[in-house]
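When we follow this note's numbering, the leftmost residue of the sequence shown carries the number 33, and every step to the right adds one. Down below is the structure, laid out as structure tokens.
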Amino acid sequence: SYTFGEEGQSQGQYFAAHLSRIKLNTDFVDFLSDTTRPLRHVENEETFDRWLINEMSSCVKVTLAAFDGELAEGQRKCLRIEYRDSMYHVFASRFGLMPDEKEGIRRTAYKGVLIFYFQKHRIFLYDTWPTSFS
Numbered sequence: 033s034y035t036f037g038e039e040g041q042s043q044g045q046y047f048a049a050h051l052s053r054i055k056l057n058t059d060f061v062d063f064l065s066d067t068t069r070p071l072r073h074v075e076n077e078e079t080f081d082r083w084l085i086n087e088m089s090s091c092v093k094v095t096l097a098a099f100d101g102e103l104a105e106g107q108r109k110c111l112r113i114e115y116r117d118s119m120y121h122v123f124a125s126r127f128g129l130m131p132d133e134k135e136g137i138r139r140t141a142y143k144g145v146l147i148f149y150f151q152k153h154r155i156f157l158y159d160t161w162p163t164s165f166s
């Protein structure tokens, strides 16, 4: 079935606000070639988890209250922000993220971690995983 675009599974519910600028890829990508070796970190769950923890560890931890101060400095940064379930809608609204979830999992989250860019800053928004950051 073809479910890309406005006539997909959600009947266009989020298409205009969130998905309309995404283009379906039409170019062939050989994921086994040498040029894609930087994707090594996605070979399996354990490797990806290790990569993700390392990436998050290298980021500056900030609170939502301190976030605007980090933006004011003007330099591109990698930031990590911890949230609690009850506050997720506040964060989703602040960053323009889709607020919905399916079976308790936030849209685009991996183990409670959402990775996105906001005003050229790389943001890791995370809930309870990895526990080493608690």
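Ideal placement from N, C-alpha and C gives every residue a C-beta, glycine not left out.
Using CA atoms only, rank isn't needed, just tell me which of the options is closest to residue i.
i           : options              : result
residue 139 : 151, 121 and 64      : 121
residue 146 : 161, 135 and 58      : 161
residue 48  : 130, 73 and 158      : 130
residue 144 : 151, 152 and 133     : 133
residue 158 : 73, 55, 89 and 58    : 89
residue 51  : 128, 151, 93 and 114 : 128
residue 124 : 54, 61, 75 and 148   : 148
residue 81  : 62, 142, 100 and 119 : 142
residue 113 : 104, 91, 73 and 76   : 91
residue 153 : 58, 102 and 73       : 102
residue 75  : 63, 156 and 93       : 63
residue 97  : 115, 87 and 77       : 115
residue 117 : 137, 104, 105 and 57 : 137
residue 119 : 78, 53, 56 and 95    : 95
Is the shortest distance between the beta-carbon of residue i and the beta-carbons of chain D less than 7 Å?
i          : result
residue 82 : This model lacks chain D altogether; it includes just one protein chain.
Helix, strand or coil for residue i per DSSP?
i           : result
residue 146 : strand
residue 51  : helix
residue 139 : coil
residue 166 : Interpretation of residue 166 is limited by its pLDDT of 49, a score under 50 that renders its predicted location unreliable; no figure is taken from the coordinates.
Beta carbon of residue i, beta carbon of residue j: below 7 Å?
i          : j           : result
residue 84 : residue 155 : no
In chain order, what are the residue ranges of uninterrupted beta strand (DSSP E) at least 3 long that sit wholly in the stretch 74-132? 110-114
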